[in-house]
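Residue numbers (my numbering): 182 to 561. Where is the CB? At the ideal position from N, CA and C, for every residue including glycine. Bear in mind the structure is a predicted one, so any value in this text is a computation, not a measurement.
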Ligand SMILES: Cc1cc2nc3c(=O)[nH]c(=O)nc-3n(C[C@H](O)[C@H](O)[C@H](O)COP(=O)(O)OP(=O)(O)OC[C@H]3O[C@@H](n4cnc5c(N)ncnc54)[C@H](O)[C@@H]3O)c2cc1C
């Protein structure tokens with residue numbers, strides 16, 4: 182269990198909520214985690230149950246069916262899910278998509294969609310990446326051409342989390358390709374629109390229960406009222422939301438790091454070689470001491486970031502630094518933890534094997550570590 186006694190970002194209400202989240206995970210997630218991992222997707226109805234339990238989009242204002250809480254509640258959910266060592270697409274909906282709708286949605290869009298996101302009736306995705314453009318989002322080719330009161334969307338997206346089930350997708354498209362990034366808009370596309378098709382559920386090396394898909398848009402017509410915020414301001418919106426998106430990944434990374442550490446401590450104190458426990462070797466103790474020191478710093482740093490974010494002060498560079506540092510630490514710790522398991526670490530029956538596979542992509546999605554360094558360096 183995560184020790185939260187010395188955390189400074191949270192209050193008592195967060196702790197009470199954390200307890201509810203743990204109970205929910207014990208009851209509704211953990212018993213199914215292996216099956217979902219095998220299936221490459223979670224059961225659709227877990228979204229409804231998470232919604233009922235208040236685990237989806239806690240920051241959505243009460244006027245739109247939410248609880249109107251601070252981002253700390255999202256972070257509590259992210260930490261607990263990551264510490265359990267499972268992967269779900271909840272954070273994408275709660276920490277990313279909901280905030281786009283709250284920040285840029287019209288009153289009609291908010292009233293229609295937000296209660297559905299909160300209840301789990303609607304699963305969402307955000308589709309930025311394309312086969313030819315990921316880090317370099319300015320290079321996307323998907324277009325949304327105006328035709329009277331409609332947009333006609335053409336293009337394809339890939340690596341889209343929740344892509345197999347999403348009923349609502351925020352599609353990043355060029356509404357004025359001649360203007361480059363300044364001609365980019367965010368368009369809401371419902372999955373029952375003609376011309377929309379889902380590709381296969383992509384075969385990944387980890388995070389299998391969080392489905393990832395290709396999506397195709399073949400002259401999909403949506404009314405111009407489906408534009409999120411103002412036309413051609415999509416790139417600015419994307420940039421504005423980055424600190425929270427990256428912090429969300431950092432939160433999960435730190436909690437998953439702690440879990441890997443706790444697992445390896447348990448394992449090495451139990452496993453014996455050369456007449457003593459593996460923990461007793463100086464190499465093991467020094468490795469673990471080094472990691473423990475970094476993890477301690479990690480928690481302090483995470484609370485600093487969360488506190489700044491609650492006040493609206495976390496900058497894009499700070500959010501990127503958090504994503505960079507916490508995901509790199511996660512990789513360092515899971516890899517060292519696997520090594521200290523010996524052959525057992527390579528066996529899927531030990532939790533560390535899955536943690537190691539799941540960790541790898543943390544340094545890639547949401548902006549690669551290299552892109553994080555680019556962003557940070559621009560602020561220096
Ligand atoms: C499991 C998973 C889930 C995902 N979910 C989503 C999602 O829900 N929605 C979505 O839109 N996308 C999603 N993505 C896509 C993800 O955000 C991109 O894969 C990521 O941003 C990297 O883009 P790319 O794959 O095109 O790599 P590329 O941009 O082709 O990068 C290849 C390599 O070049 C490096 N590189 C690129 N540019 C630079 C530079 N300027 N300086 C130095 N090095 C550079 C990169 O760091 C990387 O090492 C997901 C990806 C995965 C794997």
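Residue 369 places its beta carbon less than 8 angstroms from that of residue 409. Assignment of beta-bridge partners to residue 369 by DSSP yields 351. Distance from the CA atom of residue 313 to the CA atom of residue 321, rounded to whole angstroms, is 7 angstroms. The segment 221-236 and the segment 355-372 do not touch, with fewer than 3 CB-CB distances between them shorter than 8 angstroms. The Cβ atoms of residue 254 and residue 183 lie no closer than 8 angstroms to each other. Counting only runs of at least 4 residues, the segment 224-254 fully encloses the following alpha helix (DSSP H) elements, listed from N- to C-terminal order: 226-233. Sequence-distant partners of residue 431 (beyond 5 residues in either direction) whose C-beta falls short of 6 angstroms from its own C-beta, in its chain, are 503, 504, 507. For residue 331, the beta-bridge partners assigned by DSSP are 328, 404. With a cut-off of 7 angstroms, the C-beta of residue 426 is classified as distant from ligand 1, since no heavy atom of the ligand falls inside that distance. Residue 350 sits close to residue 396, with the two beta carbons spaced by under 8 angstroms. In terms of side-chain proximity, the C-beta atom of residue 557 is found no nearer than 7 angstroms to any non-hydrogen atom of ligand 1.
DSSP links residue 397 through a beta bridge to 337, 378. Proximity of the segment 483-491 to the segment 411-419 falls short of the contact definition, fewer than three beta-carbon pairs being nearer than 8 angstroms. Less than 8 angstroms separates the beta-carbon of residue 401 from that of residue 374. Take the alpha-carbon of residue 337 and the one of residue 423: they are about 23 angstroms apart.
Within the segment 506-542, the runs of alpha helix (DSSP H) that reach at least 4 residues and sit entirely inside it are, in chain order, 532-540. The alpha carbon of residue 447 has as its nearest neighbour, out of 341, 388, 340, 519, the alpha carbon of 519. Going down the chain, each residue whose beta-carbon is closer than 5 angstroms to a heavy atom of ligand 1 shows up: 309, 310, 315, 316, 340, 341, 342, 393, 542, 546, 549, 551.
For residue 380, the closest of 542, 403, 340, 416 by C-alpha to C-alpha distance is 340.
Scanning its chain for C-beta atoms nearer than 8 angstroms, with the 5 sequence neighbours on each side dropped, one finds around residue 473 the residues 442, in chain order. For the pair of segments examined, the segment 548-558 was found not to touch the segment 519-539: the number of CB pairs separated by less than 8 angstroms stays below three.
Secondary structure of residue 218 (DSSP, three-state): helix. Your pair residue 277 and residue 426 checks out as a contact, with CB atoms roughly 5 angstroms apart and the cut at 8 angstroms.
Taking 8 angstroms as the cut-off, the Cβ atoms of residue 190 and residue 484 count as close. DSSP, reduced to helix, strand and coil, places residue 297 within a helical segment of the structure shown. DSSP, read as helix, strand or coil, puts residue 411 in coil. The residue from 287, 208, 288, 295 with its alpha-carbon nearest to that of residue 247 is 295.
In the displayed model, residue 494 falls within coil according to three-state DSSP, outside both helix and strand. By a beta-carbon distance limit of 8 angstroms, residue 545 does not contact residue 498. Their separation comes to about 20 angstroms. In the displayed model, residue 440 falls within a helix according to three-state DSSP.
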